[in-house]
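Numbering (the numbering used here), first residue to last: 79 to 317.
Cβ atoms here follow ideal geometry from the backbone N, Cα and C, with glycine treated the same way.
All figures in this text were calculated on a predicted structure; none of them were measured in a lab.
Quick look at the structure:
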């Protein structure tokens, strides 16, 4: 019945607005689609749903939690692509413990940087809050978003830089996925090879991590975000 309603040669994308099937490719609708979009954040236990789906993932499947961290990945990749080109020895991803995006971001870092990744738990409902990449001699890259909208990029030896990093809603995440209908091989690799590296990795609470100096405290991150914004305005007036 569904095929009869479709135009010939029309690409089919299946999206489950609620908690979709554990095996999207085996679903009756999913089997008809060229691309399948699910959203583990809609499940009763979002992180568990992400891991439940992982063994059944195909390159045609993508979780919207992946699209929600596109900007995070782009900013971190750009920072790593500038001197000094030193190896990252450890990474930390701080965010709410129920967010699949945190797990996916940690898995991506573990896979691409080949370093241990610690997940740091912040209060629920915040999504990703901070990512810190550590190098030798205490050098680091830290991207902090304490208010869910504005972020500051901190790099050793450089002034802080304010960046817009608002949380993405479902509409924006879906729109991004619809712009490309080819299989998402990167996501598939992250799910199949990256997630197994973080599922049993280290996890700690944000307060403990901040007290140990592993990440910047929320109060300090908010202060630095505001200060970077002020510096940006001054630079704009001077330019």
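query, result
"What do you get for residue 341, buried or exposed, if any count of 16 or more other CB atoms within 10 angstroms of its CB means buried?", "Because the chain spans 79 through 317 in this model, residue 341 falls outside it and cannot be assessed."
"Go ahead and pull the three-state DSSP assignment for residue 279.", "coil"
"Using a Cβ-based criterion (distance less than 6 angstroms to any ligand heavy atom), does residue 270 qualify as near the ligand ZN?", "By its list of ligands, the structure shown contains no ligand whatsoever, and the ligand ZN lies outside what it can speak to."
"Below 8 angstroms, can you find three or more Cβ-Cβ pairs linking the region 138-149 to the region 278-289?", "no"
"Find the nearest neighbour of residue 122 within the set 142, 176, 154, judged by alpha-carbon distance.", "176"
"Compare the beta carbon distance of residue 137 and residue 266 with 7 angstroms and say whether it is the shorter of the two.", "yes"
"Which value, in whole angstroms, describes the spacing of the CA atoms of residue 183 and residue 278?", "15 angstroms"
"Which one of 91, 152, 131, 251 has the shortest CA to CA distance from residue 113?", "91"
"Going by DSSP, name the residue or residues bridged to residue 266.", "DSSP lists no partner for residue 266."
"In the DSSP assignment, the alpha helix (DSSP H) including residue 139 goes from what residue to what residue?", "That residue, residue 139, is in no alpha helix (DSSP H); its beta strand (DSSP E) goes 139-141."
"Per DSSP, what kind of secondary structure is residue 125 in: helix, strand or coil?", "helix"
"I believe residue 170 touches residue 198 by the beta-carbon criterion, under 8 angstroms. Please report the beta-carbon distance rounded to the nearest angstrom.", "6 angstroms"
"Grouping DSSP H, G and I as helix and E and B as strand, with all else coil, what is residue 298?", "helix"
"When the Cα of residue 303 is compared with those of 292, 212, 291, 240, which residue comes out closest?", "240"
"Return the first residue and the last residue of the beta strand (DSSP E) that residue 221 is part of.", "218-222"
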